[in-house]
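Trainee: Here it is: the structure, laid out below.
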Amino acid sequence: MNLEVKLPGLTLKNPIMPASGCFGFGKEYSEFYDLSRLGAVIMKAATQFERFGNPTPRVAETSSGMLNAIGLQNPGVERIIANEVPRLAAYDTSIIANVAGSSLEEYVFVASAFNQTKDVHALELNISCPNVKEGGIQFGTDPEMAKRVTSAVKEASNLPVYVKLSPNVTNIVEMAKAVEEAGADGLSMINTLTGMKLHLPTGKPLIANQTGGLSGPAIKPIAIRMIYEVRQQVSIPIIGMGGISTAEDVLEFLQAGADAVAVGTANFQNPFACVDIIDALPETLMNYQYTSVQDVIDRRGVQV
Amino acid sequence: MNLEVKLPGLTLKNPIMPASGCFGFGKEYSEFYDLSRLGAVIMKAATQFERFGNPTPRVAETSSGMLNAIGLQNPGVERIIANEVPRLAAYDTSIIANVAGSSLEEYVFVASAFNQTKDVHALELNISCPNVKEGGIQFGTDPEMAKRVTSAVKEASNLPVYVKLSPNVTNIVEMAKAVEEAGADGLSMINTLTGMKLHLPTGKPLIANQTGGLSGPAIKPIAIRMIYEVRQQVSIPIIGMGGISTAEDVLEFLQAGADAVAVGTANFQNPFACVDIIDALPETLMNYQYTSVQDVIDRRGVQV
Amino acid sequence: MKKRHEMEVIAVDTIAKETIEMTLYQPEISQQTVPGQFLHLLVPGFTLRRPISIAKVNSEEGTVTILFKVVGGGTKALAAYQPGMTVDALGPNGNGFQVDDVQEGERILLVGGGIGVPPIYHLAKRLSEKNVELVAVLGFQSKDYVFYEEAFQKIAETYVVTNDGSYGHQGFVTHVFSEVGAFDQYFSCGPLPMLRAVTTELKDAAGKVSLEERMGCGVGACMACVLPTVDNSYKKICSDGPVFSAQEVIL
Amino acid sequence: MKKRHEMEVIAVDTIAKETIEMTLYQPEISQQTVPGQFLHLLVPGFTLRRPISIAKVNSEEGTVTILFKVVGGGTKALAAYQPGMTVDALGPNGNGFQVDDVQEGERILLVGGGIGVPPIYHLAKRLSEKNVELVAVLGFQSKDYVFYEEAFQKIAETYVVTNDGSYGHQGFVTHVFSEVGAFDQYFSCGPLPMLRAVTTELKDAAGKVSLEERMGCGVGACMACVLPTVDNSYKKICSDGPVFSAQEVIL
Ligand SMILES: Cc1cc2nc3c(=O)[nH]c(=O)nc-3n(C[C@H](O)[C@H](O)[C@H](O)COP(=O)(O)OP(=O)(O)OC[C@H]3O[C@@H](n4cnc5c(N)ncnc54)[C@H](O)[C@@H]3O)c2cc1C
Ligand SMILES: Cc1cc2nc3c(=O)[nH]c(=O)nc-3n(C[C@H](O)[C@H](O)[C@H](O)COP(=O)(O)OP(=O)(O)OC[C@H]3O[C@@H](n4cnc5c(N)ncnc54)[C@H](O)[C@@H]3O)c2cc1C
Ligand SMILES: Cc1cc2nc3c(=O)[nH]c(=O)nc-3n(C[C@H](O)[C@H](O)[C@H](O)COP(=O)(O)O)c2cc1C
Ligand SMILES: Cc1cc2nc3c(=O)[nH]c(=O)nc-3n(C[C@H](O)[C@H](O)[C@H](O)COP(=O)(O)O)c2cc1C
Ligand code: FES
Ligand code: FES
Chain V
1 MNLEVKLPGL TLKNPIMPAS GCFGFGKEYS EFYDLSRLGA VIMKAATQFE RFGNPTPRVA
61 ETSSGMLNAI GLQNPGVERI IANEVPRLAA YDTSIIANVA GSSLEEYVFV ASAFNQTKDV
121 HALELNISCP NVKEGGIQFG TDPEMAKRVT SAVKEASNLP VYVKLSPNVT NIVEMAKAVE
181 EAGADGLSMI NTLTGMKLHL PTGKPLIANQ TGGLSGPAIK PIAIRMIYEV RQQVSIPIIG
241 MGGISTAEDV LEFLQAGADA VAVGTANFQN PFACVDIIDA LPETLMNYQY TSVQDVIDRR
301 GVQV
Chain R
1001 MNLEVKLPGL TLKNPIMPAS GCFGFGKEYS EFYDLSRLGA VIMKAATQFE RFGNPTPRVA
1061 ETSSGMLNAI GLQNPGVERI IANEVPRLAA YDTSIIANVA GSSLEEYVFV ASAFNQTKDV
1121 HALELNISCP NVKEGGIQFG TDPEMAKRVT SAVKEASNLP VYVKLSPNVT NIVEMAKAVE
1181 EAGADGLSMI NTLTGMKLHL PTGKPLIANQ TGGLSGPAIK PIAIRMIYEV RQQVSIPIIG
1241 MGGISTAEDV LEFLQAGADA VAVGTANFQN PFACVDIIDA LPETLMNYQY TSVQDVIDRR
1301 GVQV
Chain W
2001 MKKRHEMEVI AVDTIAKETI EMTLYQPEIS QQTVPGQFLH LLVPGFTLRR PISIAKVNSE
2061 EGTVTILFKV VGGGTKALAA YQPGMTVDAL GPNGNGFQVD DVQEGERILL VGGGIGVPPI
2121 YHLAKRLSEK NVELVAVLGF QSKDYVFYEE AFQKIAETYV VTNDGSYGHQ GFVTHVFSEV
2181 GAFDQYFSCG PLPMLRAVTT ELKDAAGKVS LEERMGCGVG ACMACVLPTV DNSYKKICSD
2241 GPVFSAQEVI L
Chain Z
3001 MKKRHEMEVI AVDTIAKETI EMTLYQPEIS QQTVPGQFLH LLVPGFTLRR PISIAKVNSE
3061 EGTVTILFKV VGGGTKALAA YQPGMTVDAL GPNGNGFQVD DVQEGERILL VGGGIGVPPI
3121 YHLAKRLSEK NVELVAVLGF QSKDYVFYEE AFQKIAETYV VTNDGSYGHQ GFVTHVFSEV
3181 GAFDQYFSCG PLPMLRAVTT ELKDAAGKVS LEERMGCGVG ACMACVLPTV DNSYKKICSD
3241 GPVFSAQEVI L
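Quick note, the sequences are listed as chains V, R, W and Z, same order. So the first sequence is numbered by my numbering: it starts at 1 and just counts up by one. So the second sequence is numbered by my numbering: it starts at 1001 and just counts up by one. So the third sequence is numbered by my numbering: it starts at 2001 and just counts up by one. So the fourth sequence is numbered by my numbering: it starts at 3001 and just counts up by one.
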């Protein structure tokens, strides 16, 4: 079955990619399977300088989900381009760089840095990280700020830009429209919902950063709702994510309005999550009378 | 162990009450246990006139949660006062009326109607129902609207008013402060998060209303985070809810900033959920070196 | 007071394609149940309980039998239960088939479709204790899905219909109505399209139908399972039903 | 390529208070494991895997033994497993205790606390194959929690310490360091406060410590489990560790 999807800057052999931050730079999971099987790889966030991130504990388990507050730990964009991208480029897959920052200038710096390499095919502009005190979150919750950073990055970069939206907003459609107007080539949604867990013996937050981002199957209904709402009013493609762990979940995201999907938390439970889903997808689509991934997308067009 | 809590208008023998909409008017669960065991009962939403609610299907299951779009079906405030309140009043427990509406006038009408009866001890002002097209949701997402409806209801009612907040907002603290300023006696949080599930064979929303409200353990980390954030900046009491199913959960809510709690979805899984939690609470508090419910609240005061 | 029951699994068998018969031990329920009532079963790992009709009871042995089709995660997990394990159940829930107004000598039409057949079987057994004549029309997708035909044949004149004609008559249950002759009242349970066809076809006959809807509480508290009624009101399937007079409800 | 293993449960025993010993069949892992490495176990119903150290292996029988304390939902569920069931595991994960630099004739101090004792036992067994002298200091909360004392006595001069003095020496493991005499290097695993005390007390000695942190992936990809190092950098406990040189990391 034909699983191919064409998105701005990306021709994906299948619509499945690991989500940013849940797959490092691919090295660890390359010990489990051949990364060439993936539609694309979305790398861990890149910032201008090396970041050490938040104190530990950084993760906590919740019902059908988890909280994380890694705090964008990464070696800095230059070392990512020097060390990580070339290793990933050896695989027959597309590479998407996740761009983070605490200021407009930093976003622009990081985005332009990726102009240096031919091996990165698109940017995912992370304006939605709930785990850093400065920057990130305002860009993701205020439509005007989102517009500004999107325009600036579009101007600075040679690559298609997928803006990653935060679900922690009253009106997701307003955010999506703002970045579409600002020239985004696509959307990536959703990032994590801000949550907290307490450590009962102390009554204090279990995660050192106090709050963390909620991911996993628990948030899937919220992701589906937001993608569905945005799909009715925005025409750029959507990379959907939030709680995907099966091929049925992928179908649900495609039906809701996504054009490709990312798998995050599920990798931790099952390191083969992405390839297991890719393997199951043809039969799943067939069971529901679809002839290809594009067929799901086309028939949704008719229904909406 | 002393489980008592005192809140404006309410002296609760324990901090556990069934959440609005998850317990009807108590009749069905009174066939499982004596409702006098409950700290209070929060009744299903009341509107001015009888409402038939949304078409079915109205519920869908999700990972560690469920979606509902009942649509505030209820017999109307007059019949609630005539038929339901007297039956509940026979039990030795407090009664809280959940007040809903599609306009400021309707909220005021319903709230004043409860002045007729001596048997209702407080109002829960539901400005957060995501499942009705008109009214409800704007009141719950716009601080100015929330202020207006709170002031109007406070003026119309003789009863303490707990305003029930929606989690579907960018800034929950702003909403909480707005209703505190408007004279709310307490807060009730959180209502459900707007979500969606698709029916894969048709690619359409499974719930007839398209979206539904997500409840259950899946949303607990979001509830805890919001209550914790609000507790730092607002001093009126909070009735906490969102995914509670065990006595440990209750402790977590109290530590986060709640002064009492409501149990919703858990009743469906276990009709004895509320009394099972009440039974387990003393030992749970003891295990964590607390001497009473008030002790949890007091010691949290010191820590914050 | 109502209870939460731990029912011990006595036997689990696949009796037709995707169709599981499970016998559970719980004397109280086995004695109280009226045909058409259901159990509301908790399957660990799932938020909502699963409503499953009671298909037979043996009040002497204290057992209750249910039949279910494996359609999703909950029924799949349930199908994997082994004898000796226990299932957490509420029940018997709802109002079943009222048979008080069935008079001696009446001819009764029973119409069951797919996994709607089991409660009709329970009803047939109960009616067969009265001095009445039973005609059963049982519809299934195809031959592989057929079950309980012999059991019905013992107590009723039985017609089996399959959608694809791979067994018995071909078509829908309504296709054999012309063959069954006159009857005094009918009882039916099955998928909604079948019930719509049955009630339309038999709109002038006295009849009772058992309905399904997605449930929250299963006990009448949450308003998830309402159904509009002809008098511009509504009924709750879980507690007013699942059995209703065909004339009373709007399908 | 790394694999996901289905390990068959061979035996489950409660060997001390809240302490379960579980033997699993998986020849590959039994042959590859270095002391200090861990399994990353999936418990159905829980989002994250549970890291549990390998306590012994029997490469002839193809078995791997783990010991764990029942602390929360995951370990509680695991404790209820029956022989014949399977556990989904990743492993052996991480880098264990390097013993290449242990020379013949050295005197080695082993310090284990609570549920940190099992990997130290695995190490002790491995070291006992070399011609070295072993001294083990094992700390437990109280008498009820003591396990593996005899097993250690067979291969090491063994001191047992309990916090409340209900068995062996009273106090913390560091309290008996004055009695153990000189040693060439030490290896330790236990709760963080114990490791802090041990590394402080023995700050001039060469030593290796095994650390814990809450994990996401358990394979080095998510950065959940980082630990600051003395050179202003960081290490990942799951993949660079869990064993580190005591001089290298900041506890
Ligand atoms: C009163 C009543 C009696 C029933 N009796 C039987 C019976 O005897 N045998 C049998 O096989 N089935 C029966 N059903 C249908 C049965 O409840 C569903 O097939 C079952 O709940 C599906 O669960 P699942 O986890 O396998 O499917 P999923 O689709 O994964 O279930 C997801 C959710 O949808 C609900 N759901 C899905 N299908 C239905 C449905 N048809 N009706 C109501 N809720 C549904 C589930 O309960 C669950 O909450 C009955 C339903 C009702 C309302
Ligand atoms: C490298 C390593 C080796 C370990 N070896 C052992 C061992 O041999 N025996 C043993 O009993 N325990 C060991 N632990 C601790 C063990 O992982 C936890 O006790 C266990 O995960 C608790 O799970 P739970 O569901 O019972 O508790 P819960 O508190 O319900 O767990 C909730 C979450 O917190 C995590 N968590 C809780 N406590 C710890 C902890 N101390 N360390 C890391 N994560 C934790 C859980 O993994 C889970 O994600 C080890 C930990 C690490 C990091
Ligand atoms: C441990 C962890 C780290 C993450 N780091 C990033 C990140 O660096 N950049 C980013 O845009 N999203 C990050 N995310 C969010 C995921 O990419 C994804 O949007 C989210 O987890 C929802 O998908 P899931 O439910 O499949 O995990 C992270 C998520 C997790 C769990
Ligand atoms: C079926 C259902 C009906 C509900 N109806 C109401 C309602 O009428 N008024 C209201 O304020 N909240 C209503 N709620 C929200 C609950 O009171 C509660 O805020 C929410 O479900 C979170 O708690 P839980 O996770 O314990 O269910 C309803 C929730 C459910 C599941
Ligand atoms: S399922 Fe709750 S009222 Fe019927
Ligand atoms: S747990 Fe993910 S890097 Fe260690």
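Quick reminder that beta carbons are idealized off the backbone N, C-alpha and C, glycines included. Every value quoted in this text rests on a predicted model; they were computed, and no experiment measured them.
What residues come near ligand 6, if near means a beta carbon less than 7 Å from any of its heavy atoms?
Mentor: Any residue whose Cβ sits closer than 7 Å to a heavy atom of ligand 6 makes the list: Z/M3215, Z/G3216, Z/C3217, Z/G3218, Z/V3219, Z/G3220, Z/A3221, Z/C3222, Z/M3223, Z/A3224, Z/C3225, Z/K3236, Z/I3237, Z/C3238, Z/S3239.
Trainee: Run the CB neighbour count on V/A97, radius 10 Å, all protein chains shown included, and call it buried at 16 or more, exposed below.
Mentor: That one is buried.
Trainee: If you compare alpha carbons, which of V/F272, V/G9, V/G76 is closest to V/F109?
Mentor: When only C-alpha atoms are compared, the closest one is V/G76.
Trainee: Verify the CB distance criterion: does V/M17 have a CB-CB separation below 8 Å to chain Z?
Mentor: Closer than 8 Å: no.
Trainee: What does W/L2042 reach in chain R if we use C-beta pairs closer than 9 Å?
Mentor: Simply Q1269, N1270.
Trainee: Locate the beta strand (DSSP E) running through Z/G3208, then write down its first and last residues.
Mentor: The sequence given here has Lys at residue 3208 of chain Z, not Gly. Element bounds for Z/K3208: 3206–3210.
Trainee: Chain Z partners of V/E31, CB-CB under 7 Å?
Mentor: Under the 7 Å cutoff, chain Z gives M3001, K3002.
Trainee: Could one say the Cβ of V/N158 lies closer than 8 Å to chain Z's Cβ atoms, at least one of them?
Mentor: Chain Z, which has no Cβ nearer than 8 Å to the Cβ of V/N158, makes this no.
Trainee: Over what stretch of residues does the alpha helix (DSSP H) that includes R/R1225 continue unbroken?
Mentor: Segment 1220–1233, the alpha helix (DSSP H) holding R/R1225.
Trainee: Using only the alpha-carbon positions, how far apart do W/P2228 and R/N1115 sit?
Mentor: Distance between the alpha carbons of W/P2228 and R/N1115: 32 Å.
Trainee: Beta-carbon within less than 6 Å of V/V304's beta-carbon, same chain only, minus the 5 sequence neighbours each way: which residues are those?
Mentor: Low local confidence applies: a pLDDT of 39 at V/V304 is under 50, so the model's placement there is unreliable, and no value is given.
Trainee: Terminal residues of the continuous beta strand (DSSP E) containing V/Y107?
Mentor: Segment 104–113 is the alpha helix (DSSP H) holding V/Y107; no beta strand (DSSP E) there.
Trainee: In terms of DSSP beta bridges, what is R/P1205 paired with?
Mentor: Answer by DSSP bridge pairing, in chain order: R/L1198.
Trainee: Quick check: the Cα distance between V/I239 and V/D259, rounded to an integer number of angstroms?
Mentor: Taking the straight line from one Cα to the other gives about 6 Å.
Trainee: Looking at Z/V3219: is its Cβ nearer than 8 Å to the Cβ of Z/C3189?
Mentor: Not closer than 8 Å, so no.
Trainee: Run the CB neighbour count on W/M2022, radius 10 Å, all protein chains shown included, and call it buried at 16 or more, exposed below.
Mentor: It counts as buried.
Trainee: Tell me, which residues are paired with W/D2088 by DSSP?
Mentor: W/E2006, W/L2042, per the DSSP bridge assignment.
Trainee: By the DSSP assignment, the beta strand (DSSP E) with V/P143 in it spans what residues?
Mentor: Premise fails: V/P143 lies in the alpha helix (DSSP H), 143–156, not in any beta strand (DSSP E).
Trainee: What is the DSSP secondary structure of R/P1306, reduced to helix, strand or coil?
Mentor: This structure leaves residue 1306 of chain R out entirely; chain R is present only between 1001 and 1304.
Trainee: Spell out the partners DSSP gives W/E2021 in its beta bridges.
Mentor: W/E2021 is bridged to W/D2013, W/L2067.
Trainee: Have a look at the DSSP bridge pairing and note the partners of V/E61.
Mentor: DSSP output for V/E61 lists V/M66 as bridge partner(s).
Trainee: Would the region 1012–1032 of chain R count as touching the region 1262–1278 of chain R if we require 3 or more Cβ pairs under 8 Å?
Mentor: Yes, the region 1012–1032 of chain R is in contact with the region 1262–1278 of chain R.
Trainee: Could you tell me if the beta carbon of R/M1066 falls within a distance shorter than 7 Å of some heavy atom in ligand 4?
Mentor: R/M1066: yes, Cβ under 7 Å from ligand 4.
Trainee: Can you check whether the C-beta of W/G2241 is within less than 8 Å of a C-beta belonging to chain R?
Mentor: By this cut-off, W/G2241 is not an interface position.
Trainee: When burial is assigned at 16 or more other CB atoms within 10 Å of the CB, is V/L125 buried or exposed?
Mentor: With 16 or more other Cβ atoms within 10 Å, it is buried.
Trainee: Could you have a look at W/Y2159 and say whether DSSP puts it in helix, strand or coil?
Mentor: Strand at W/Y2159.
Trainee: Pick from W/G2105, W/K2002, W/G2062, W/F2068: whose alpha carbon is nearest that of W/G2094?
Mentor: For W/G2094, the nearest C-alpha among the options comes from W/K2002.
Trainee: Return yes when at least one heavy atom of ligand 2 lies under 7 Å from the C-beta of Z/G3074, else no.
Mentor: Yes.
Trainee: Tell me whether W/F2068 counts as near ligand 1, meaning its Cβ is closer than 7 Å to at least one heavy atom of that ligand.
Mentor: Yes, since a heavy atom of ligand 1 falls inside the 7 Å radius drawn around the Cβ of W/F2068.
Trainee: Should V/V250 and V/L187 be called a contact, given that it needs their Cβ atoms to be closer than 8 Å?
Mentor: No, they are not a contact pair.
Trainee: Applying a beta-carbon distance threshold of less than 9 Å, which residues of chain R neighbour W/G2055?
Mentor: Note that residue 2055 of chain W is Ala in the sequence shown here, rather than Gly. In chain order: nothing, as chain R lies at least about 24 Å away.
Trainee: Apply the 10 Å Cβ neighbour rule to W/L2192 and answer buried if 16 or more other Cβ atoms are within range, or exposed otherwise.
Mentor: Exposed.
Trainee: Give a yes or no on whether 8 Å exceeds the smallest Cβ distance from R/T1246 to chain V.
Mentor: Answer no: the Cβ-Cβ gap between R/T1246 and chain V never drops below 8 Å.
Trainee: Which residues bound the beta strand (DSSP E) around W/S2166?
Mentor: It is not in any beta strand (DSSP E) - W/S2166 carries neither H nor E in the DSSP assignment.
Trainee: What is the DSSP secondary structure of R/L1254, reduced to helix, strand or coil?
Mentor: DSSP places R/L1254 in helix when its eight states are reduced to three.
Trainee: Any beta carbon from chain Z within less than 8 Å of V/V59's own beta carbon?
Mentor: Yes - at least one Cβ of chain Z is within 8 Å of the one on V/V59.
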